[in-house]
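One structure is given here, and the rest of the page talks about it.
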Amino acid sequence: MLVNTIHGEMDDSLLEKREGSLDNDIEFTTWTEYWLDDVLVHRSAHVTLKTAPALFAEAAEIA
Amino acid sequence: MCTSFLGQLMTAKHNFGVAPIRAATTADTFYGALLLASGTFNASSTAYTGTVGSSTMSGEVTGTNYTAGGVAITNANAPTATNASTTAGTAYWTPSASIIYTSVTLTTAFDGVMVYNYTQGSAGNYPAVSIHTFGSQTITAGNFTLTMPTNNTSTALLRLSTT
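So this is what it looks like as C-alpha cells:
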C-alpha cells in the first residue's frame, strides 16, 4: 500500500507503522504514524467526538 | 419556554433586536477552523478574525495544504426541537458529515476547532458559533478527520435546552 509521506508516496513495506488510540468521555481518537529511519514521515489522526466537550456550556440551559 | 422557540432560534425565526438582512432563506454556510493548543479560545470568543482563504487568525493552525479559515462544514441536517416533558425540551443540530482536512502538515499542536458563520461574516469578522476541544494533535503529510457526535438531544454538537 502506498502511503503519503513527507517524501511523497512510499510503499508501506519500507516504513515502520505505529498506531495509537485515546478513549475518554469526550472523544475516541485513533492515529497512525509511519516512520523511516527514526524520522516521522506520516501522521494522520481521526477524532470522533462523543458529545460537545465542556470547555464551556455548549449545552445551554434556559430556565 | 416553548421548545419550538429553541429550534426557531437556530433558523433565525425570531428577532428581538437588529438582525442582518438575509439574501436567502437557505441555511448559512459554516466553517471549521483548527485552533492551536497554545491559543486562548473560550466562551468569550466572538468571531473568527482571519480572512477566509487568505490570512489566518491569531491562534489558528498554519501548515501545508491548510487554508486560512479551515474548511466548509457539510450541513444537510435541519435543526430539530424535541420535547422531553411538558416543561422541558431541547433543540439541537450537528453537521451531517465529518470535517476533514486532507493531506495537511500541521506541526504545531492543535486541540480544538472553531465553528463559525461564513455567510453572515466578512473579512476579519465571521461570527463564532462554538469551540470544541479534543486531545492535542499534530499531522504530518496526512489527513485530520473530525467525526461528529450522534445528532440527538444529549450528544448533538449544538444543543439548547430548557430544564
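As you go down the protein sequences, you meet chains E and Z in turn.
Residues in the first sequence are numbered from 1181 upward in steps of one, following the numbering used here.
Residues in the second sequence are numbered from 127 upward in steps of one, following the numbering used here.
By construction, the Cβ of each residue, glycine as well, lies at the ideal position given by its N, Cα and C atoms.
All values reported here derive from a predicted model rather than from experimental measurement.
>> Strictly below 8 Å CB to CB, what residues from chain Z border residue 1202 of chain E?
In response: The contacting residues are 261.
> If you draw a straight line from the alpha carbon of residue 153 of chain Z to that of residue 202 of chain Z, how long is it in whole angstroms?
Replying inline: 9 Å
> Would DSSP call residue 238 of chain Z helix, strand or coil?
Replying inline: strand
> Given a threshold of 16 other Cβ atoms within 10 Å of its Cβ, counted over all protein chains shown, does residue 129 of chain Z qualify as buried or as exposed?
Replying inline: Only buried fits residue 129 of chain Z, as 16 or more other CB atoms lie within 10 angstroms of its CB.
> So is residue 1225 of chain E buried or exposed if we call it buried at 16+ other beta carbons inside 10 Å?
Replying inline: Result: buried.
> Between the beta-carbon of residue 241 of chain Z and the beta-carbon of residue 192 of chain Z, is there less than 7 Å?
Replying inline: no
>> Quick check on residue 232 of chain Z - is its C-beta less than 7 Å from some C-beta in chain E?
In response: no
> According to DSSP, is residue 133 of chain Z helix, strand or coil?
Replying inline: helix
> If you scan the region 187-275 of chain Z from start to end, which runs of the alpha helix (DSSP H) of 4 or more residues do you find wholly inside it?
Replying inline: Within the region 187-275 of chain Z, no run of alpha helix (DSSP H) at least 4 residues long lies entirely inside it.
> Could you give the residue range of the beta strand (DSSP E) that holds residue 1190 of chain E?
Replying inline: 1188-1191
>> Is there a Cβ of chain E sitting closer than 7 Å to that of residue 269 of chain Z, yes or no?
In response: yes
> What does residue 208 of chain Z touch in chain E if you count any residue whose Cβ is under 9 Å from its own?
Replying inline: What residue 208 of chain Z touches in chain E: nothing, since even the nearest Cβ is about 14 Å away.
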